[in-house]
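Participant: Can you read through this structure? Questions will come right after.
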Amino acid sequence: MSRQAPSYIADAPGELLLWPEQASSVARELDYLFYSLVGASVLAVVLIGGTMFCFTIYYRAGSGRGRGSGFIERHSRRIEIGSVVATLIIFLSIFAWAGSLYFREFSGAPGAMTVNVVAKQWMWKLHHPNGVREINELHVPVGRKIELRMTSQDVIHSFYVPAFRLKRDVLPHRYVSMWFEATEPGVYSLFCAEYCGADHSRMRGKVVAMRPGDFQQWLAEREAPLSPAEAGEALFAALGCSGCHSPRSDVRAPSLAGLHGQPVPLAGGSTVIADDAYLRDSILLPRKYVVAGYQPIMPSYEGQVSEAEILELIAYIRSLDTVVESGR
Ligand code: CUA
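Structure (structure tokens):
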């Protein structure tokens, strides 16, 4: 059953965001975590506050109660150690639980459908793996892991979908990722949760979770000129990258096929992993890493390519992982 926009979608200004529904695979567990934290805090307040309250009455001035012979006084050391250790165990467990959820959400999801996200003042630009582009609206199928590969082309923004219980800062000059699996078809609010300038409050959109069949139909109805990798390939040629990074070139430039994710030996003797950040630096700051055995002759493309285009170039280089370049 496909649902209408839930009431908390604040299309009318002033509408309140109360308790968003649980619409992703992690929402329930994150809520349990939240309740546990609140529960542990309430328990601590009640125990400590309650004890203090009782003691102020029990030991009040003039009550004649001794200070050295009661049960508490005799066992004070054990009580102190016990309460400290119990508190430590409870809160460290919550920390470990939260930490494992954090790493699960934010360290990538193998096999996920990857959507490129570029934030800017004041909109979200999204690029689907098959080429469909969207602004401020993200359509996804339910029951499928969606990984967002995010960056910003100006200031810090934050991608926040309350119904998915997901929020992550989107930073300029850096790539962060986050994945989710929508579990309920529906329309969910997307907010920017980091103050980013005059129109921050209007930088919001929707995530539309659709049944897989509806999603396929939605995709089919849209023109999808170029996937990120295809757009990257076209850029690769247009910018002249292929002039050097090609097996047929006279210039000795590192081969890019099978490069992504692999260690790269550097001139200084160290190595670096060729991840997205490395590729981005190599395009904008080519002198930052000099590959062992090569001259640092590549020019910088700073100012010539947008963040969205860099993501496309990276998508193209990643796609070379599985393609054997002819003539190598
Ligand atoms: Cu973008 Cu606030």
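full-length UniProt numbering puts the first residue of the sequence shown at 1, with every later residue one more than the last. Positions of the beta carbon are idealized from the N, C-alpha and C atoms, including for glycine.
Going straight from the alpha carbon of arginine 77 to that of glycine 70, what length do you get?
Facilitator: Computed Cα separation, rounded: 13 Å.
Participant: Look at the Cβ atom of methionine 210, then the Cβ atom of proline 141, and state whether they are nearer than 8 Å.
Facilitator: Their beta carbons are under 8 Å apart, which means methionine 210 touches proline 141 by this criterion.
Participant: Whole angstroms are fine: how far does the CA of glutamate 181 sit from the CA of isoleucine 317?
Facilitator: One C-alpha to the other measures close to 26 Å.
Participant: Is the stretch 147-166 in contact with the stretch 182-197, if contact means three or more CB pairs nearer than 8 Å?
Facilitator: A contact exists between the stretch 147-166 and the stretch 182-197.
Participant: What residues in its chain sit with their C-beta under 6 Å from that of arginine 3, if we drop five residues either side in the sequence?
Facilitator: Confidence at arginine 3 is low in this model, with a pLDDT of 45, below 50, so the placement of that residue should be treated as unreliable; the coordinate-derived value is given next. The residues are Gly186.
Participant: Using a Cβ-Cβ cut-off of 8 Å (strictly less than) and excluding sequence neighbours within five positions of isoleucine 72, which residues of its own chain qualify?
Facilitator: Excluding sequence neighbours, isoleucine 72 sits near Ile79.
Participant: What does glycine 186 pair with, by DSSP beta-bridge criteria?
Facilitator: Per DSSP, Ala209.
Participant: For isoleucine 310 and glycine 197, I'd like the C-alpha separation in whole angstroms.
Facilitator: In a straight line, the C-alpha of isoleucine 310 is about 24 Å away from that of glycine 197.
Participant: What beta strand (DSSP E) runs, 3 residues minimum, are completely inside the stretch 115-193?
Facilitator: DSSP runs (the beta strand (DSSP E)) wholly in the stretch 115-193: 123-127, 133-135, 137-141, 145-152, 157-161, 166-170, 176-181, 186-192.
Participant: For methionine 113, which of helix, strand or coil comes out of DSSP?
Facilitator: In the structure shown, methionine 113 sits in a strand (DSSP, three-state: E or B).
Participant: If I measure Cβ to Cβ from isoleucine 314 and keep anything under 6 Å in the same chain, skipping five residues before and after, which residues do I get?
Facilitator: Cβ neighbours of isoleucine 314 beyond the five flanking positions: Asp276, Leu279.
Participant: Does DSSP put alanine 5 in a helix, in a strand, or in coil?
Facilitator: Note that alanine 5 scores 46 on pLDDT, short of 50, meaning its location in the model is unreliable; the coordinates nonetheless yield the value given after this. Three-state DSSP puts alanine 5 in coil, outside helix and strand.
Participant: Tell me whether isoleucine 273 sits in a helix, a strand or coil according to DSSP, three-state version.
Facilitator: Three-state result, isoleucine 273: strand.
Participant: For leucine 320, does the three-state DSSP call read helix, strand or coil?
Facilitator: Coil, per DSSP.
Participant: Within 10 angstroms of the Cβ of arginine 202, are there 16 or more other Cβ atoms? Answer buried if so, exposed if not.
Facilitator: Classification of arginine 202: exposed, given that the 10 Å Cβ count is below 16.
Participant: Have a look at Val272, Arg252, Phe95 and flag the residue whose alpha-carbon is nearest the alpha-carbon of glycine 261.
Facilitator: The option with the nearest alpha carbon to glycine 261 is Val272.
Participant: Between tyrosine 195 and ligand 1, is there a pair consisting of the residue's CB and a ligand heavy atom that are separated by less than 7 Å?
Facilitator: True, at least one ligand heavy atom lies under 7 Å from that Cβ.
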